[in-house]
Amino acid sequence: MAAGATYTPISSYTAPSSQTSITLNSFTGYTDLEIVLSCNAASTAYHVFFQCNGDTGTTYSYTILGGDGTTAGSTRASSQTSGRLTYYAAVRSGSPTIIRMKVMNYANSTTYKTILSRSDRASDGTEAIVNLWRGASTAAITSIVLQPSGANFDTGTTVNVFGITAA
Amino acid sequence: MILPGVIASSGGVASSYESIATVLVGSGGTAAVDFTSISQAYAHLQIRITCRSTSAATNDGILMRVGTGGTLDTTSTMWGHYLMGDGATATAGYRSSTNVELVEVTAATATASIFGVAVIDLLNYSSTTKNKTFRSLTGFDRNGAGEVRLMSGSYTANTSALNTIRFYSAFANIAEFSSFALYGVKA
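Protein chains in written order, with the numbering used here: chain X, 1 to 167; chain H, 1001 to 1187.
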């Protein structure tokens, strides 16, 4: 019944210097992707966003659930030019912010793509986010650009990509 | 090849995470998605779902029942708790019923081609000494409204190993192009 081992490591990257973006573009042949980021900041805090397939249109929307140690809250945005991966768990100097993206059914051509993520920074907050990308069509995701807003990914930021193949 | 700021493929290695079975819902939808005779060779199960309901609403909860010994349990009480954000407020709640709601998806009046997603973990499903506990991260966004939820559930009718799982809507069918992928995680 089982089709065999999956959850395959695809790539691993450690930023050798400050980066304005990180591009993932070689992940064909899987059903889902799991992308694990450990984001470092120098002195200025930043948030992490993403775009799919180079799409810079207002085709992204997201809903966020999180807590900052005092209260739980929720916020959302429609028709954005990028998806969002942090809100309560900003990336700051010191402890990294850990982000885990679940890019569901990214290769299918019949649905818009919905991405779940969890982001955590122990001294700031924790959150869950659902992102929707409505590209020009229901095309498969072939590239993802991770973009910090407010500062750069600092040296030592890591990104690990895993592929999951359904039977 | 790795370029500055660009990650390229580096190949793969074997893992203890295995694909067991996948259901892709065909034309016309289906009343239920069943996984039966689930192997007991794993410590945990994970189910990754992309789903839409045919219910005449913008969204719908997909319910789960489980079974032991090859029989789906349709009568025992299951518990579920959730923490949910709808873009405005965070709320928490719970329900008890003969099913547990771990998946929140889009439905028939939502924009076409927008599906909800969920990742469910069924922990220690093959244990014969523990009640069974589940958890999920689930959500949808419809570009104007959305929900994201952290949910948990339990099955306490007995401590037998689970080998049957059913997903269904209380109001309608599971729509075409929905997919349910079952994975096993070895200890």
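Ideal Cβ placement from N, Cα and C applies to all residues, glycine included.
Next on the checklist: Against Ile1114 of chain H, what residues of chain C qualify as contacts under a CB-to-CB distance less than 7 Å, listed in chain order?
Outcome noted: In the structure shown, chain C cannot be found, because the protein chains are X and H.
Checklist entry - Checking contacts by CB at 9 Å: is Ala107 of chain X closer than that to chain H? => result Taking the first residue of the first sequence as 1, we reach residue 107 of chain X at position 107. It does not; no Cβ of chain H falls within 9 Å.
Next on the checklist: So, under 8 Å CB-CB, Thr6 of chain X and Ser1019 of chain H are touching, yes? Tell me the CB distance rounded to an integer number of Å.
Outcome noted: In the first sequence, counting from the first residue as 1, residue 6 of chain X sits at position 6. In the second sequence, counting from the first residue as 1, residue 1019 of chain H sits at position 19. Sure, about 5 Å apart at Cβ, within 8 Å.
Checklist entry - How many Å lie between Gly66 of chain X and Ala136 of chain X at the Cα? => result Indexing the first sequence from 1 puts residue 66 of chain X at position 66. Indexing the first sequence from 1 puts residue 136 of chain X at position 136. Cα-Cα distance, rounded: 30 Å.
Checklist entry - What separation, rounded to the nearest whole angstrom, lies between the Cα atoms of Val36 of chain X and Thr126 of chain X? => result Here the question's residue 36 of chain X lines up with position 36 in the first sequence. Here the question's residue 126 of chain X lines up with position 126 in the first sequence. Cα to Cα, Val36 of chain X sits roughly 15 Å from Thr126 of chain X.
Checklist entry - Is it buried or exposed for Glu1101 of chain H, if we count other Cβ within 10 angstroms and need 16 for buried? => result One-based indexing of the second sequence puts residue 1101 of chain H at position 101. So Glu1101 of chain H counts as buried.
Next on the checklist: Whole angstroms are fine: how far does the CA of Ser119 of chain X sit from the CA of Ala1145 of chain H?
Outcome noted: Translated into positions along the second sequence, residue 1145 of chain H becomes position 145. Translated into positions along the first sequence, residue 119 of chain X becomes position 119. Straight-line Cα distance between these residues: approximately 21 Å.
Next on the checklist: Determine whether the beta carbon atoms of Leu33 of chain X and Phe162 of chain X lie at a separation below 9 Å.
Outcome noted: What you label residue 33 of chain X is simply residue 33 of the first sequence in a count that begins at 1. What you label residue 162 of chain X is simply residue 162 of the first sequence in a count that begins at 1. Taking 9 Å as the Cβ cut-off, Leu33 of chain X and Phe162 of chain X qualify as a contacting pair.
Next on the checklist: Taking contact to mean 3 or more Cβ pairs, one atom from each stretch, closer than 8 Å, check whether the region 1046-1056 of chain H and the region 1172-1179 of chain H are in contact.
Outcome noted: yes
Next on the checklist: What does the alpha-carbon distance come out to for the pair Leu1137 of chain H and Asn1131 of chain H?
Outcome noted: One-based indexing of the second sequence puts residue 1137 of chain H at position 137. One-based indexing of the second sequence puts residue 1131 of chain H at position 131. Near 21 Å, if we compare the C-alpha coordinates of Asn1131 of chain H and Leu1137 of chain H.
Checklist entry - Where does Tyr13 of chain X land, buried or exposed, given buried means 16+ other C-beta within 10 angstroms? => result As a working note, residue 13 of chain X is residue 13 in the first sequence. Buried, since its Cβ has 16 or more Cβ neighbours within 10 Å.
Checklist entry - Taking 9 Å as the CB-CB limit, is Leu116 of chain X close to chain H? => result Position 116 of the first sequence holds residue 116 of chain X. Yes, because at least one Cβ of chain H sits closer than 9 Å to the Cβ of Leu116 of chain X.
Next on the checklist: If we require 3 or more residues per run, which beta strand (DSSP E) segments fall completely within the region 1074-1100 of chain H?
Outcome noted: 1078-1085 and 1090-1097
Next on the checklist: As a quick exercise: from X:Arg134, X:Ile129 and X:Asn40, pick the residue whose alpha carbon is nearest that of Gly1085 of chain H.
Outcome noted: As a working mapping, residue 1085 of chain H is identified with position 85 in the second sequence. Minimum Cα distance to Gly1085 of chain H is reached at X:Ile129.
Next on the checklist: Starting from Gln51 of chain X, trace the beta strand (DSSP E) in both directions and tell me its first and last residue.
Outcome noted: On the first sequence, residue 51 of chain X is found 51 positions in, with the first residue counted as 1. Element bounds for Gln51 of chain X: His47 to Cys52.
Item to check | Coil, strand or helix - Ile1038 of chain H by DSSP | outcome: Counting from 1 along the second sequence, the entry for residue 1038 of chain H is found at position 38. Coil.
Checklist entry - Can the beta-carbon of Thr81 of chain X be found closer than 9 Å to that of Tyr112 of chain X? => result Along the first sequence, one-based indexing puts residue 81 of chain X at 81. Along the first sequence, one-based indexing puts residue 112 of chain X at 112. Not in contact: Thr81 of chain X and Tyr112 of chain X (Cβ atoms no closer than 9 Å).
Next on the checklist: Just to make sure I have the definition right: I need the residues of chain X whose C-beta is within less than 8 Å of the C-beta of Asn1143 of chain H. Which are they?
Outcome noted: Residue mapping note: residue 1143 of chain H aligns to position 143 of the second sequence, counting from 1. Result: Ser61, Ser78, Ser79, Leu132 and Arg134.
Checklist entry - At what residue ranges does the region 123-163 of chain X contain a whole run of the beta strand (DSSP E), taking only runs of 3 or more? => result 125-133 and 144-149
Item to check | Beta bridge counterpart(s) of Thr31 of chain X as assigned by DSSP | outcome: Numbered from 1 along the first sequence, position 31 holds the residue referred to as residue 31 of chain X. According to DSSP, Thr31 of chain X bridges with nothing at all.
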